[in-house]
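*Asks:* Numbering-wise (our numbering), the sequence shown opens with residue 3 and increments by one. Note that CB positions come from ideal geometry on N, CA and C, so glycine has one too. As the structure is a prediction and not an experimental result, all values here were calculated from the model. Here it is: the structure, laid out below.
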Amino acid sequence: MRPTPAPVVGCLLTTLLMLLVSGCGQRPVTVTPNDFTLRGRPQGHLTVLEKWADPEYAPYFQQAVRAYEQQNPGVTIELQAVGDQPYKDRIAVLAASRELPDVFFAWPGQYARKFADGRLAADLSGALKDTAWGDGFERNALDAFTFDGHVYGVPLDVDAKVFAYNTTLFAKAGVTAPPRTFPELLTACDRIRKAGYTPLAFGNQYGWPAGHLLTQFNASEVPAAVLARDYDGRGDFTHPGYARALNDLAQLKQRCMAPGGTSMSHESAQARMLYGKAAMQYLETLEFSYLTEQGGAPKEFADHWDFFPMPGIPGAQGDPRAIAGGADGLLVSNASPHKALALDFLKFLTSRSQARTLVRDLGWLSAVKGTADAAELPGLGKAQRTIAGHDMAVWLDTRAGEKIVNPYLSAAEAVLAGRASPQTALREVRRGAEQARRYGVTP
């Protein structure tokens, strides 16, 4: 089964906002003391709800729970795992009823922030900031769950977007090195197309692939403070960098993607790269396992691929070190009577030895520093160094709210299809931002 892409969760954000913040007919939020000190050996019962139910991922988490229980005979853990959409539905209901499990999953950005702002997630700052445990995480991963200077989530993994490419096809096209600038990338696409191949495999059937590209382009073109204000629903998206970002997307479509529409799935597009029809694809490091023979790639590709991050854009006013990505994390319920035990379990789950097991068994990058050397998957070590050298730009579809995300994804599709210019497409985004400001959909 393929990894779940960074989710389009905008429609849930408004629902969560209503559930978490409005007091209409709801029980008040219960908050237990933030006492994370264990007294004596760990003991008690924990409930944990997460979204890694796929057969290829679930055994790792089941084994981790068993290992913790074996180390601590006085502890029992009820682990529940459901898929993405069932998780969104269930956690919204639990949040509304104020019956959250002791530990629960969250995507980064606005998704996690709703729980923090609703006082449903415990502030873990005291246990993480300026501690050996907290210092052991990749900075980008911890920042993804830090709001107004307070940390509310423990990151498990990190994931970022890069261009995976067929080194053989690059050589055939006379592209001898990965592009260092965006214009060089476009020139490389011209050469690859002239050699008879599609430069960039791209499918946007479900909208999120374009959202990932815009995550990167916006972060590169727009100053970070402006971007944060606009994504938070407090701005108007008038900075010229937004039009430049959509123009970057249009150029990428014109020079690098196949003619016609982009309605195929991301997976179908990837197959074109794996079987030598396309030279590269913009994908997540989480997908590296699918570029190996064990993951289904033909040997001709599996033995001849590499990757590079989005090249820099000359004249851009945003963060030149930005890389689109995110981190999956776990939060502790603010109402949990077992906060100390919950935190001890999370420390175990993110210990160096357990993080190395995650890297080895799942082929994911851990949020714990210096663990990529445990990988049996090619490219993970380089990927961790790449991410560590960049600033994480959290996925647009989890960073912003529904009233901004939905029109943004529609605008991207309109630009890709040639139905709208960047300036015209931005009008819908600005209308969405106006709605967000009017109805107070802000952090």
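1) Can you grab the Cα-Cα spacing for the pair Gly136 / Ala413, in whole Å?
2) Roughly how many angstroms separate the alpha carbons of Gln73 and Pro44, rounded to a whole number?
3) Within 10 angstroms of the Cβ of Thr133, are there 16 or more other Cβ atoms? Answer buried if so, exposed if not.
4) Helix, strand or coil for Thr17 per DSSP?
5) What is the C-beta distance between Ala114 and Gly155, in whole angstroms, given that I count them as a contact (C-beta under 8 Å)?
6) DSSP on Thr294, reduced to helix/strand/coil?
7) Using the three-state DSSP reduction, which class does Pro300 fall into: helix, strand or coil?
8) Output needed for Ser222: all residues of its chain with C-beta closer than 6 Å, excluding positions within five of it in sequence on either side, in chain order.
9) Given a cut-off of 8 Å, decide if Leu364 and Tyr59 are closer than it, judged by their beta-carbon atoms.
10) Specify the secondary structure class of Asp56 as computed by DSSP and reduced to three states.
11) State buried or exposed for Arg2, treating a residue as buried only when at least 16 other CB atoms are found within 10 Å of its CB.
12) What does the Cβ neighbour count give for Gln64, buried or exposed, with the cut at 16 atoms within 10 Å?
13) Note down the Cα distance separating Pro211 from Ala337, rounded to an integer number of angstroms.
14) Can you tell me the Cα-Cα spacing of Leu51 and Val396, whole angstroms?
15) How would you call His268, buried or exposed, if buried means at least 16 neighbouring beta carbons within 10 angstroms?
16) For Gly328, is the classification buried or exposed, using 16 other Cβ atoms within 10 angstroms of its Cβ as the cut-off for buried?
17) Do you know how far the Cα of Phe38 is from the Cα of Lys384?
18) With 16 as the cutoff for other CB atoms within 10 Å, does Lys116 come out buried or exposed?
19) Is Asp159 close to the ligand ZN? I mean its beta-carbon at under 7 Å from any heavy atom of the ligand.
20) Pick from Leu351, Ala203, Ala402 and Asp375: whose alpha carbon is nearest that of Arg68?
21) Could you check if Gly25 is buried or exposed, using at least 16 other CB atoms within 10 Å of its CB as the buried criterion?
22) Counting C-beta neighbours from all protein chains within 10 Å, is the total for Gly420 16 or more, i.e. buried, or is it exposed?
23) Whole angstroms is fine: what's the gap from Leu248's alpha carbon to Pro322's?
*Replies:* Once the coordinates are examined:
1) Near 39 Å, if we compare the C-alpha coordinates of Ala413 and Gly136.
2) Taking the straight line from one Cα to the other gives about 9 Å.
3) exposed
4) Because the pLDDT of Thr17 is 49, which lies under 50, any placement of that residue in the model is unreliable, and the number read from its coordinates should be weighed accordingly. Residue state, collapsed to three classes: helix.
5) 5 Å
6) In the structure shown, Thr294 sits in coil (DSSP, three-state: anything other than H, G, I, E or B).
7) coil
8) Ile315, Ala318, Gly320 and Ala324
9) yes
10) coil
11) A question about residue 2 goes unanswered here, because the residues of the chain that appear run from 3 up to 445.
12) exposed
13) 37 Å
14) 23 Å
15) buried
16) Under this definition Gly328 is a buried residue.
17) 36 Å
18) buried
19) By its list of ligands, the structure shown contains no ligand whatsoever, and the ligand ZN lies outside what it can speak to.
20) Leu351
21) Any reading at Gly25 must be qualified, since the residue scores a pLDDT of 48, below 50, and its modelled position is unreliable; no value is offered.
22) exposed
23) 17 Å
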